[in-house]
Structures are given as structure tokens and as C-alpha cells.
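Taking it in order: structure first as C-alpha cells, then the write-up.
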Amino acid sequence: LYEARGVGFGSVMSAGGKVPLGLKKKNQRIVVTGGAGFVGSHLVDRLIARGDSVIVLDNFFTGRKENLVHHFGNPKFELIRHDVVEPILLEVDQIYHLACPASPVHYKFNPVKTIKTNVVGTLNMLGLAKRVGARFLLTSTSEVYGDPLQHPQAESYWGNVNPIGVRSCYDEGKRTAETLTMDYHRGLGIEVRIARIFNTYGPRMCIDDGRVVSNFVAQALRKEPLTVYGDGKQTRSFQYVSDLVEGLMRLMEGNHVGPFNLGNPGEFTMLELAQVVQDTIDPNAKIEFRPNTEDDPHKRKPDISKAKELLGWEPNVSLRKGLPLMVADFRHRIFGDPRDNQG
Ligand code: NAD
Ligand code: UDP
Ligand code: UDP
107 LYEARGVGFG
117 SVMSAGGKVP
127 LGLKKKNQRI
137 VVTGGAGFVG
147 SHLVDRLIAR
157 GDSVIVLDNF
167 FTGRKENLVH
177 HFGNPKFELI
187 RHDVVEPILL
197 EVDQIYHLAC
207 PASPVHYKFN
217 PVKTIKTNVV
227 GTLNMLGLAK
237 RVGARFLLTS
247 TSEVYGDPLQ
257 HPQAESYWGN
267 VNPIGVRSCY
277 DEGKRTAETL
287 TMDYHRGLGI
297 EVRIARIFNT
307 YGPRMCIDDG
317 RVVSNFVAQA
327 LRKEPLTVYG
337 DGKQTRSFQY
347 VSDLVEGLMR
357 LMEGNHVGPF
367 NLGNPGEFTM
377 LELAQVVQDT
387 IDPNAKIEFR
397 PNTEDDPHKR
407 KPDISKAKEL
417 LGWEPNVSLR
427 KGLPLMVADF
437 RHRIFGDPRD
447 NQG
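Under full-length UniProt numbering, think of the first position of the sequence shown as 107, with each following residue one higher.
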């Protein structure tokens, strides 16, 4: 019953094609912080399907129970309303630490809270890992590279980050979280893993989170103009969520600390992205230019050689293949039309 219900609408279980590594039978006790969010809920689907017991900790700032409702009633699944800024006692084998708003609009909403989540929240989860001997995985970000002066970005690049800007609560917060993670590893022997995640999209993203893919898709579906910030020549590299989840699980199960870039090297300007959205949803969608936000990185593209070599991982869902899967989910959530489930 649980398996059948686990693959609910918006799940990406099969999007990657081949049977993924992480689907091997396991019986571990795993905490996923931020598990009610976009990435976390897809990760939980995979862990539950593999046979693990999963505890989700989430304060529901940007996460939603709807993302996990198909696991309610499964004795191997537990959802705890908890803010990671507060300590908690649990007995587990692994900790996937995702709790933190990811969209610039969300993380700038209460910047001090974002820093606390990244610093105190990460400290608490590392303290938990230390107490019970669990393996800890941090979901860091490509934003640690700031407005990069090296292109594409390799893990050896230290970044170009403004410490006092409007994005600092997030990028400096994650940089500190990486520092804490490495200090618990070096100083206390905690088993850790660090992923640097590049822009990821897919079903279950918050519809109005202000990120570019969710904005463009929602705008095209609602017959509103696509809002391109600045001149639209800045670039990002967009990864489909099932590729990311596969990478996170390989990283957790593998023997390397990292950091590892997890992203799709396919690089697009925002104008090119708008074109893909037009091609996918509505060729007549208009484009409207808006002023860009402060400290917006000009370009971003992962060098994934390290993950390829040491984790045997690379993404296999292109933007043109992944976007329609997200569009079907958004269409369903915006218009509630069951016929759109079929796509
Ligand atoms: P999301 O906003 O959908 O999910 C974050 C989850 O964390 C939400 O469920 C939210 O309610 C929860 N949360 C936030 N603060 C919390 C707190 N103090 N205590 C408990 N729960 C809290 O974002 P996402 O896209 O799923 O991102 C997940 C992780 O991946 C984040 O750490 C993010 O920084 C990282 N990341 C994501 C991307 C991306 O493009 N999606 C890129 C780089 C890094
Ligand atoms: N912590 C937690 N759960 C645990 C163990 C620790 O939330 O099971 C928190 C603890 O409250 C502390 C943080 O993690 O704030 C760091 O813990 P650690 O033991 O490393 O440091 P200390 O408590 O000695 O400062
Ligand atoms: N952007 C845009 N239109 C939007 C939202 C964002 O052109 O409606 C741009 C934004 O200025 C940035 C890029 O898209 O250059 C990616 O923004 P997003 O907030 O998705 O993620 P970021 O990579 O900046 O964290």
C-alpha cells in the first residue's frame, strides 16, 4: 500500500530512467531536515521507497504537508514540526540537512532568521550527529561562489562573495555551515558530506517563490508576461530534481567528504530560458523587462568532473525534457485540471 501511495502526483521516481543506485534495499534511520520542502520531499520519497525509516523535521516556513501527505500513516515515516534553530534529541544513522529557504525572495524575507538557520541550525544537527555517531550531509549551494570570477566553477574555487550584501545571509550563512561541517569532521571525527547544489527545478516547487523557473512557468500558464530581470543575459544552469536527489544519495552512501558540485552543466541565459518556456507552454507569451536585484551573479555553471569521477554521477534530464514534467504539476496546482495529470 505504501509503495503504491508513495508515487503520488508530482513524484519524480522514474524520471531518471535506469533503476537508481539509492533504490537498493536499506533499513536505516534517517533524518531529513527541511523534508517538507521541494527537494526534501523528493528525497524522502526515494528513502521510503528504499525501505528506510524517515523522520522529517520542518518548521513549514516554505515547506508544505501536501508534499508528504502520501506518506502519512506509514509507520516508517514521521513528520515533526520543529525549527532546527532549537536543539532536538533523536537516535538516527544519517542526517540529510536541507532546512533553509532556498529562493532569494524567501531567504531575504527574514535575513537574520536565515543566518540563524544556517549557523545555529547546522550546529545543532552536527551536535546531534556527534552525539549519536550519525553521518551528516550538508546541502550547501553554488551561491558560495558568489558572483564568480572563474567559469565554470570547480570546487577548488573559493568564490567572490559580498559579506555585507542582501544575499549574504544565505551565501555567507552556507559558507559558515560548510566551515562548521569541516570543523566537526576534522576536530571531532564526525562523518560528513558536503553538496554544493546548483539551480534546481521540478514538481512541488512553491508556485510563487520568485525563482526564475517557477516565475516563468506560472506566468506563461496564467497568460502573464514573463518577467526578465536586467538585460536577461545573465546565465544559470538548471538541474532537474531527480538528478539532484540521485546525486545526494550517492554522496551520502559514498566514501568522499566533498564538497561536490551537483548541477547540470547546461548553461542558459534568462532570455534563452524564456524561449524554452515559450516553446514548452505558449509561443505567444510576452517578455517584460524589469530591473535586476542587487548583487545578482552574472553567470553560473558547474564543473562536475569531481562528482563524475568520484561518485559516478552526472545528470541525465535536460531542461527541455524536465520542464514539461514541472509544467504538468504547476498546471495541476494552478488550475486543478485532472486531465493535465496525464502528461
Ligand atoms: P525549500 O524552501 O522548498 O525547502 C526548504 C525547507 O526547509 C522547507 O520545507 C522549509 O519549511 C524548511 N525550513 C526552513 N527553515 C527551517 C528551520 N529553521 N527549521 C526547520 N525547517 C526549516 O527549498 P529547496 O529548494 O527544497 O532547498 C533545499 C535545500 O537545498 C536548502 O538547504 C537549499 O539551500 C539547498 N539548495 C537548493 C537549491 C535549489 O535550486 N533548489 C540550490 C542550492 C541549494
Ligand atoms: N544538540 C542537539 N541534539 C543532540 C546533541 C546536540 O540539538 O542530540 C545541539 C546542542 O544543543 C548544541 C549543538 O547541538 O547546541 C552542538 O552540540 P555539541 O555537543 O557539539 O556542542 P556543545 O553542546 O558542547 O556546545
Ligand atoms: N530572474 C528573472 N526573472 C524572474 C526571476 C528571476 O529574470 O522572474 C533572474 C534573476 O535575476 C537571476 C536568475 O533569474 O539572474 C536566477 O534567479 P533565481 O531567483 O531563480 O535564482 P538564483 O540563481 O539567483 O538564486
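Every residue gets a Cβ at the ideal spot worked out from N, C-alpha and C, and that includes glycine.
Remember, predicted model here, so these are calculated numbers, not experimental data.
Heavy atom of ligand 3 less than 7 Å from the Cβ of residue i, yes or no?
{"i": "valine 173", "result": "According to the sequence shown, residue 173 is asparagine rather than valine. Checking every heavy atom of ligand 3 against the Cβ of asparagine 173, none is found closer than 7 Å."}
{"i": "serine 343", "result": "no"}
{"i": "threonine 333", "result": "yes"}
{"i": "arginine 302", "result": "no"}
{"i": "serine 209", "result": "yes"}
{"i": "methionine 311", "result": "no"}
{"i": "methionine 358", "result": "no"}
{"i": "valine 323", "result": "no"}
{"i": "arginine 317", "result": "yes"}
{"i": "asparagine 305", "result": "yes"}
{"i": "methionine 432", "result": "no"}
{"i": "aspartate 402", "result": "yes"}
{"i": "methionine 355", "result": "no"}
CB of residue i to nearest heavy atom of ligand 2: below 7 Å?
{"i": "glycine 140", "result": "no"}
{"i": "arginine 187", "result": "no"}
{"i": "lysine 236", "result": "yes"}
{"i": "glycine 338", "result": "no"}
{"i": "glycine 233", "result": "yes"}
{"i": "leucine 286", "result": "no"}
{"i": "leucine 429", "result": "no"}
{"i": "asparagine 230", "result": "yes"}
{"i": "leucine 195", "result": "yes"}
On the DSSP bridge assignment, give the partners of residue i in chain order.
{"i": "glutamate 373", "result": "Ser343"}
{"i": "threonine 247", "result": "Ile303"}
{"i": "tyrosine 335", "result": "Arg396"}
{"i": "valine 298", "result": "Phe242"}
{"i": "valine 323", "result": "None, per the DSSP bridge assignment."}
{"i": "threonine 139", "result": "Leu163, His203"}
{"i": "glycine 252", "result": "Asn266"}
In the structure shown, what three-state DSSP assignment does residue i receive?
{"i": "tyrosine 263", "result": "coil"}
{"i": "histidine 203", "result": "strand"}
{"i": "asparagine 133", "result": "coil"}
{"i": "arginine 317", "result": "coil"}
{"i": "leucine 368", "result": "strand"}
{"i": "glycine 308", "result": "coil"}
{"i": "glycine 442", "result": "coil"}
{"i": "glycine 293", "result": "helix"}
{"i": "glutamate 330", "result": "coil"}
{"i": "lysine 257", "result": "Looking at the sequence itself, residue 257 is histidine, so the reference to lysine does not match. If DSSP states are grouped into helix, strand and coil, histidine 257 belongs with coil."}
{"i": "glutamate 278", "result": "helix"}
{"i": "glycine 353", "result": "helix"}
{"i": "aspartate 151", "result": "helix"}
{"i": "residue 89", "result": "An answer regarding residue 89 cannot be provided, because it is not within the stretch 107 to 449 covered by the chain."}
{"i": "alanine 391", "result": "coil"}
{"i": "arginine 237", "result": "helix"}
{"i": "valine 272", "result": "coil"}
{"i": "residue 81", "result": "Within the shown structure, residues of the chain are numbered from 107 to 449, placing residue 81 beyond reach of any answer."}
{"i": "glycine 114", "result": "Because the pLDDT of glycine 114 is 40, which lies under 50, any placement of that residue in the model is unreliable, and the question is left without a value."}
Looking at ligand 1, does it come within less than 7 Å of residue i, judged from the CB to the closest heavy atom?
{"i": "cysteine 275", "result": "no"}
{"i": "threonine 399", "result": "no"}
{"i": "glycine 227", "result": "yes"}
{"i": "leucine 204", "result": "yes"}
{"i": "serine 262", "result": "no"}
{"i": "valine 145", "result": "yes"}
Touching by the beta-carbon criterion (3+ pairs, under 8 Å), the segment 226-233 and the segment 179-198: yes
Cβ contact check for the segment 135-143 and the segment 163-172: 3 or more pairs under 8 Å: yes
Complete runs of the alpha helix (DSSP H) confined to the segment 395-439 [at least 4 residues]: 411-417
The segment 364-373 / the segment 319-338 touching (three or more Cβ pairs under 8 Å): no
Contiguous alpha helix (DSSP H) assignments of at least 4 residues, all confined to the segment 154-232: 210-215, 217-222
Stretch pair the segment 286-306 + the segment 390-400: three plus CB contacts closer than 8 Å: no
Inter-stretch contact at 8 Å, needing at least 3 Cβ pairs: the segment 409-427 / the segment 342-359: yes
The segment 378-387 in contact with the segment 317-327 per 3-pair CB rule at 8 Å: yes
Cβ contact check for the segment 173-182 and the segment 194-214: 3 or more pairs under 8 Å: no
Inter-stretch contact at 8 Å, needing at least 3 Cβ pairs: the segment 306-317 / the segment 265-284: no
Any 3 or more C-beta pairs closer than 8 Å across the segment 399-407 and the segment 432-439: no
Touching by the beta-carbon criterion (3+ pairs, under 8 Å), the segment 202-219 and the segment 178-186: no
Contact between the segment 403-410 and the segment 245-254 (3+ Cβ pairs under 8 Å): yes
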